[in-house]
Amino acid sequence: MAEVMPPNMLNDRPRTPAGMLSNAEKDRLIERGFLGLYRWYTARSQETRNWNADRSFDWRSMNQNLPPELITVIQGFFAVEQYAPDFTSSLIHLVRRSHGRSHFQMRWGSEEEKHADAWENAVLFSGQRSPQWIEDYKHRLKSQTWELPFPDAIHNLVYTVFQERATQLNYLNMMKIAQGKSDKPHLKGIVDPVLAKVAQTIAVDEAAHYNFFLEGARMYLYYYPERTLEAIRNVIGMFSMPAATLIPDWREFSETVYRAGIYGPRDFNRDVMQVAFRNLGIESRKSLEEGIRKTREVPDFEGGNFGTTAIWDTFDYGQVEGDVKRLHVKIEEYEKGIGFDLYDPTTFIANPAVPKSASGDGQAADD
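Note that the working numbering has the sequence shown beginning at 1, numbered continuously upward.
Set out below in C-alpha cells:
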C-alpha cells in the first residue's frame with residue numbers, strides 16, 4: 001500500500017483475485033469504493049442537507065441573554081471552525097491522487113464552511129460580541145496555520161472518524177442545553193430555539209461526515225487489517241480535538257465545555273471511542289492492544305502478501321466484511337440509477353486472505 005494514498009488505478013483493473021490480492025489490487029478496490037461512496041454521498045447531501053448559514057435560521061430571534069458560559073462555548077465552536085480552509089486544503093493535498101477522496105474533501109470543506117459561518121452568526125447575534133471584536137479574533141486565529149496531525153492518509157482517515165464523532169457529540173449536547181434539557185443547575189431553564197436548531201443542523205452534517213470516514217476506515221480494515229488496527233491504536237493514544245494548540249483561550253473553552261456537560265474524557269471513552277469501536281467490530285481498547293501485541297509475534301512479510309494469524313481475533317472480521325458488502329450494494333444501486341453500471345460498475349471482491357472462520361455477513365453497524 002502506498003504510504004500516502006493508494007493511486008488512482010481505475011484503468012488498470014483485474015476483475016478477480018488470483019489466490020491472494022496484491023497490494024496494488026487492494027489499493028484499487030479501496031479507491032474504487034471511495035469513488036462510489038463519494039458519488040452517493042454528494043447526491044444525498046444535495047438532496048437532504050442543502051441549508052444556508054444565513055437564511056436557514058431566524059437570527060433576529062436568537063436569545064441575547066445567554067449566560068457567559070454558553071457564549072464561551074459558542075465562541076470556541078466558531079474558533080475551531082475558522083480553520084476549515086486549513087483542514088480542507090491539507091487533506092486535499094494529502095489525497096489528491098484519489099478521485100473519490102480528494103473530491104469528497106472539497107465537498108466536506110464546503111459543508112464545514114457553512115458550519116464556520118453559522119457559528120460566527122451565532123456569536124454575532126448573541127449580542128455579546130461586537131463585529132469589530134469578531135474581526136479581530138478571526139485575524140488572531142488565522143495568524144496561525146493548522147497542520148495535519150499525522151503524516152500519512154490512513155492515520156488521518158482514522159483520526160477523522162473519532163474527531164467527527166466527537167464534534168457531533170459536542171453539538172448534540174449543545175442542542176440539548178438550548179432546548180432547556182440540561183441537568184446542570186447553572187444552565188437549567190435556558191431556552192433558545194435558534195441556537196438549538198443551529199447545533200442540531202450542524203450535528204446532522206457531522207454525523208454524515210462520520211459515516212463517510214467510517215465507511216472508508218472499514219474498507220482499509222477489511223483489506224489491510226494489521227495496518228489499520230495499528231493506526232487506530234496510535235490515533236486513540238494521542239487523540240485531541242483539532243486546533244487545540246492554536247486557539248488562544250482553549251483551556252477556558254475546554255473547561256467550560258466540560259462543566260456544561262457537553263464533552264469530556266468520559267464522553268470520549270463512552271460515546272466516541274466505544275461507539276466507533278462497535279462500528280468497526282472492535283470489542284475494546286484492551287482487546288485492540290492485546291491483538292496488536294500478539295500479531296507482532298507472528299512474522300509479517302512486507303510486500304509478499306503473507307497474512308498473519310493472530311490479527312483475526314482482534315476484531316469481528318465478519319461484521320466488517322458484512323458492512324463493506326452493504327456499502328457496495330448501496331453503491332451498486334446508486335450506479336444503476338445513473339447508468340454507470342452499464343459502463344463501469346463497482347463490484348465487491350472478497351479478501352481471500354481472511355480465514356474462512358472469520359468471514360461472514362456480520363451484523364449491521366450502529367451508524
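Quick reminder that beta carbons are idealized off the backbone N, C-alpha and C, glycines included.
Predicted model only: the values in this text are computed from it and were never measured.
For G216, the number of other beta carbons within 10 angstroms of its own is at least 16, and it is reported as buried. Around the beta-carbon of L327, 16 or more other beta-carbon atoms lie within 10 Å, marking it buried. The Cβ atoms of G33 and I331 sit closer than 9 Å to each other.
The closest CA to that of R278, considering only H186, D136, K138, R165, is found on R165. Distance from the Cα of R270 is smallest, within the candidate group G127, F162, D86, for F162. Nearest in C-alpha terms to L187, of all of I338, W51, P67, T42, is P67. When C-beta atoms of the segment 211–225 are compared with those of the segment 172–191, fewer than three pairs fall below 8 Å, so the two segments do not count as touching. The C-alpha of Q75 is placed about 11 Å away from the C-alpha of V257. Taken through DSSP and simplified to helix, strand or coil, I154 comes out as helix. Collapsing the DSSP output to three states places F239 in coil. Inclusion of Y41 and F212 in the CB contact set at 9 Å is warranted, their separation being smaller than that value. In chain order, Y38, Y41, T42, S45 place their CB closer than 8 Å to the CB of R107, counting only its own chain and leaving out the 5 sequence neighbours on each side. F57 carries a coil assignment under DSSP once its states are collapsed to helix, strand and coil. The alpha-carbon separation between G318 and V204 amounts to approximately 29 Å.
Looking at T145, E31, F87, D117, the one whose alpha-carbon comes closest to that of T347 is E31. Listed in chain order, the non-local C-beta contacts of G281 below 6 Å within the same chain comprise F315, D316, Q319, V320, local neighbours out to five positions each way being set aside.
Secondary structure of I247 (DSSP, three-state): coil. Bridge pairing for F315: I282 [DSSP]. For the pair D267 and L195, the CB atoms are not nearer than the 9 Å cut-off. Taken through DSSP and simplified to helix, strand or coil, P225 comes out as helix. Within the same chain, G261 come within 8 Å of D183 by CB-CB distance, once the 5 residues on both sides are set aside. Setting aside the 5 residues that flank it on each side, G109 is surrounded in the same chain by T88, each with a C-beta closer than 6 Å to its C-beta; the list follows chain order. Taken atom to atom, the span from the alpha-carbon of H155 to that of V73 is near 29 Å. CA-to-CA, the gap between S61 and Y83 works out to about 28 Å. For A208 and T201, the gap between their C-alpha atoms comes out near 11 Å.
Here D192 is actually not in contact with N52; their C-beta atoms are around 20 Å apart, not less than 8 Å. In this structure, V198 lies near F57, with their beta-carbon atoms less than 9 Å apart. Counted as a single uninterrupted DSSP element, the alpha helix (DSSP H) harbouring N23 occupies residues 23–48.
For the set W312, K138, E252, the Cα lying nearest the Cα of E120 is the one of K138. Per DSSP, the unbroken alpha helix (DSSP H) holding Y137 starts and ends at 131–141. Per the C-alpha coordinates, the member of G264, D323, I232 positioned closest to I292 is I232.
For L94, the enclosing alpha helix (DSSP H) has its first and last residue at 84–94.
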